[in-house]
Amino acid sequence: MKLFIIFGAVNALISVALGAFGAHGLEGKISEHYMSVWEKAVSYQMYHALGLIAVGILVHVTGAPLLGTAGWLMLLGIIFFSGSLYILAVSGISILGAITPIGGVLFLAGWIFLIIGMVRL
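The sequence shown begins at 1 in full-length UniProt numbering and counts up one residue at a time.
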C-alpha cells in the first residue's frame, strides 16, 4: 500500500521539523528533562516513520495482509507515543505520561505483526 509510504514520509518530515523546532525553538524555554522527552518523541517518530515506509514497500512486494495491520499499529503508536510526549514536554501535564505506554504497546504490536506477516510468507 503506497498509503503507508506516504504516511511514513509525512511522519519523517514532521519528525525532522519537530526535531529542529525542539533544538532551536524550545532551547532554554523548557527544562532539560522535558527537552529529553521531546527528543525521545522525535526519535521514536522517525524510527517508526521508517518502519511505515518499509511496511509500505513490503506490502507492495509481498501482498501479505498482516503487514497492513503492522502499518496501522505503527501509525497509531506514533500518535499515542510521540504525540503524548510532545504535549507532555511543552505542557508539563504529567498525566499524559499515562498515554505514552499505550503507544509503546502499539509499536511493539506493529513489529510483532511485521514479524508474523513475514514468517507466514
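Every residue gets a Cβ at the ideal spot worked out from N, C-alpha and C, and that includes glycine.
Note that the coordinates shown come from a computational prediction; the quantities given were computed from them, not determined experimentally.
Tell me the residue span of the alpha helix (DSSP H) that contains residue i.
i     : result
Glu27 : Run containing Glu27: none; DSSP gives neither H nor E here.
Can you look up residue i in the DSSP assignment and give me helix, strand or coil?
i      : result
Ala89  : helix
Ile99  : coil
Leu108 : helix
Met1   : coil
Leu13  : helix
Leu18  : helix
Leu114 : helix
For residue i and residue j, which I take to be in contact (beta-carbon distance under 8 Å), what is that distance rounded to the nearest angstrom?
i           : j      : result
Thr100      : Phe81  : 6 Å
residue 123 : Ile116 : The structure shown has nothing for residue 123, since the chain only spans 1 to 121.
Val55       : Phe4   : 5 Å
Gly8        : Leu50  : 7 Å
Leu52       : Asn11  : 7 Å
Gly110      : Leu73  : 4 Å
Gln45       : Ile93  : That pair is no contact at about 20 Å.
Ala89       : Tyr34  : 4 Å
* Mind the definition here: the stretch 78-91 touches the stretch 31-47 only if three or more C-beta pairs lie below 8 Å; say whether that holds. => yes
* To do: Determine, using beta-carbon pairs with one atom in the stretch 55-71 and one in the stretch 23-37, whether at least three such pairs fall under 8 Å.
  => no
* Which runs of the alpha helix (DSSP H) spanning at least 4 residues fall entirely within the stretch 22-81, listed in chain order? -> 32-62 and 65-77
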